[in-house]
Structure formats: structure tokens, C-alpha cells
Amino acid sequence: SQQGEEDPQALSIQEGENATMNCSYKTSINNLQWYRQNSGRGLVHLILIRSNEREKHSGRLRVTLDTSKKSSSLLITASRAADTASYFCATAFTGNQFYFGTGTSLTVIP
Amino acid sequence: GAVVSQHPSRVICKSGTSVKIECRSLDFQATTMFWYRQFPKKSLMLMATSNEGSKATYEQGVEKDKFLINHASLTLSTLTVTSAHPEDSSFYICSAREPMRGRQETQYFGPGTRLLVL
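Protein chains in written order, with the numbering used here: chain A, 6 to 115; chain B, 2 to 119.
Put into C-alpha cells, the structure is as follows:
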């Protein structure tokens with residue numbers, strides 16, 4: 006399976022704290038993307054990082070990519086209750102298919 | 002960003018019936034669309050790649066005759082779950098690939114269709 010793995014599977018933090026999620030994958034990739042999914046809803050694209058990039062920022066989001074370790078991390082700073090959702094990494098290969106990680110369920114407690 | 006719609010958003014059917022789910026790219030042409038299924042509290046599993054004007058490419062373990070995919074136009078792909086059974090109950094999500102702009106490649110996801118087979 007090309008599916009990646011994420012950890013932790015579940016994360017519960019207080020509002021205002023930072024949340025860090027990690028994603029590991031198995032083979033070489035073109036890019037890696039992070040998505041957010043509210044319960045029972047579709048996916049919202051958060052950020053894309055290409056294989057030749059090491060770090061990227063978007064608002065309160067910071068993504069890193071380490072291709073030597075085949076891993077990525079998503080940091081959400083100053084978390085808010087509205088950040089409560091599941092977060093998935095998706096890796097894109099030469100065929101342009103996406104394979105999703107197992108996901109991290111984030112709960113931000115007001 | 003680009004918009005992808007799915008219809009219906011929710012469907013309940015009896016075991017043995019067939020269910021068709023539509024995926025539309027509303028403001029761009031999509032030569033390639035993807036179909037995923039997601040079980041409760043689980044990740045998305047890629048089922049197949051839908052190519053306009055040609056046969057779909059299915060992932061290992063996905064039954065072609067069970068999940069029929071038709072990509073008849075550049076804005077529409079359909080997934081038909083044939084002779085649905087309770088184990089087919091799931092959340093089905095499609096995505097459409099917007100043609101490359103520069104070096105970036107983006108997929109846009111539909112809102113999903115929840116299928117419940119009784």
C-alpha cells in the first residue's frame with residue numbers, strides 16, 4: 006500500500022496552544038499536500054509543498070518536508086476551537102494519484 | 002479555487018439496487034477525476050482514476066464490475082455502485098485535477114456522497 010501514516014492518530018489541546026502532526030510516506034513523491042476535513046464533510050486543501058521545498062508557511066500553518074526521511078509535519082500555531090477537524094496528508098506520485106495518510110483527529114478545547 | 006460538486010449528497014437504498022453518483026467540475030475542464038471511499042473515522046482510499054474518453058484505472062482490490070466509472074465529458078464523471086450491499090455503505094468522494102499551471106498541480110475535492118445500503 007502506498008498509503009502514508011500519520012501520528013498522532015488523535016490530538017487534544019487547549020485553545021491557543023500549537024498543534025503538530027506528522028506524516029510519513031513510503032516512496033518518492035512529486036509533492037505532498039495537507040487537507041482538512043470536518044466531520045462528515047469534504048476535504049479542504051490547506052497547503053502544498055513540492056519535493057524540492059523544505060518548508061512552507063501559510064497564515065498560522067507551517068509545513069516541513071524531509072525527503073530523506075520521507076516525512077512531513079504540519080504545525081498549526083495559536084490554535085482555535087474552529088481548527089477542530091481531521092487532518093490528512095496526501096502524497097502525489099508520477100501518476101498524479103493522491104494517496105492519503107491515516108489522518109490525525111485534532112480537538113481544540115476552548 | 003475551483004469548484005467540484007457531487008450529487009447526491011446523501012442516498013439511502015435497499016440492498017441489491019444500483020446507485021449512481023455524479024461528480025462535476027463546475028468551472029474548469031477535468032481530463033482526470035479520482036474516486037475515493039472513506040469509512041467512518043478512517044482515511045480516504047483511492048478507488049480509481051477516471052480518464053475522459055477512456056477506461057478508468059482501478060486500484061488493486063477494487064472490483065471493476067462493482068464500481069462502474071464513466072467519464073463521458075470533461076466536466077462529469079459518474080460512479081455507479083452496482084447491486085449495492087450493506088458493506089458498500091461508505092462516504093464516496095471525488096476529486097478533479099485542474100490542468101497544471103506552472104509547476105503546481107492541484108486536485109479539488111467534492112463535498113462527498115454518503116451512501117447507506119439497508
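Note that the Cβ used here is the ideal one computed from N, Cα and C, for glycine as well.
Being a predicted model, the structure only gives us computed values, none of them experimental.
Distance between residue j and residue i (C-alpha atoms, nearest Å)
{"i": "A/G9", "j": "A/L66", "result": "20 Å"}
{"i": "A/C28", "j": "B/S96", "result": "21 Å"}
{"i": "A/T25", "j": "B/G54", "result": "42 Å"}
{"i": "A/R59", "j": "B/S84", "result": "47 Å"}
{"i": "B/M48", "j": "B/M34", "result": "11 Å"}
{"i": "B/S6", "j": "B/P112", "result": "7 Å"}
{"i": "B/T58", "j": "A/Q102", "result": "11 Å"}
Contacting residues, own chain, Cβ-Cβ under 6 Å from residue i (five flanking each side not counted)
{"i": "A/T107", "result": "E10, E11"}
{"i": "A/Q14", "result": "none"}
{"i": "A/T82", "result": "N23, R65"}
{"i": "B/G17", "result": "S84"}
{"i": "A/F105", "result": "F93, A95"}
{"i": "B/F92", "result": "Q39, G113, R115"}
{"i": "A/L48", "result": "Y40, Q42"}
Own chain, CB closer than 7 Å to residue i, minus 5 neighbours either side, in chain order
{"i": "B/D89", "result": "V82, L116, V118"}
{"i": "A/K61", "result": "I52, I54, V68"}
{"i": "B/E60", "result": "L47, M48, A49"}
Residue i versus the options, residue with shortest Cα-Cα distance
{"i": "A/A95", "options": "B/S91, B/Y109, B/L80", "result": "B/Y109"}
{"i": "B/S78", "options": "B/K56, B/P9, B/R25, B/V5", "result": "B/R25"}
{"i": "B/T107", "options": "A/A97, A/L111, A/F105", "result": "A/A97"}
{"i": "B/N71", "options": "B/H86, B/N52, B/P87", "result": "B/N52"}
{"i": "B/T50", "options": "B/R38, B/F92, B/H86", "result": "B/R38"}
{"i": "B/F68", "options": "B/H8, B/P9, B/V20, B/V4", "result": "B/V20"}
{"i": "A/S84", "options": "A/S63, A/Q38, A/I114", "result": "A/I114"}
{"i": "A/T72", "options": "A/A87, A/Q19, A/G45, A/N36", "result": "A/N36"}
{"i": "B/A31", "options": "B/L80, B/L75, B/E64, B/I94", "result": "B/L75"}
Cβ-heavy atom distance, residue i to the ligand NAP, below 7 Å
{"i": "B/S78", "result": "No copy of the ligand NAP appears in this structure; indeed no ligand is present at all."}
Segment contact, 8 Å Cβ cut-off, at least three pairs: the segment 3 to 16 of chain B with the segment 107 to 116 of chain B:
yes
Could I get the ranges of all uninterrupted beta strand (DSSP E) runs contained in the segment 22 to 63 of chain B, with 3 residues as the minimum, in chain order?
33 to 39, 45 to 52
List, from N- to C-terminal side, the beta strand (DSSP E) runs of 3 residues or more that fit wholly inside the segment 89 to 115 of chain A.
90 to 97, 103 to 105, 109 to 114
Going residue by residue through the segment 75 to 99 of chain B, where are the continuous beta strand (DSSP E) segments of at least 3 residues, counting only ones entirely within it?
77 to 82
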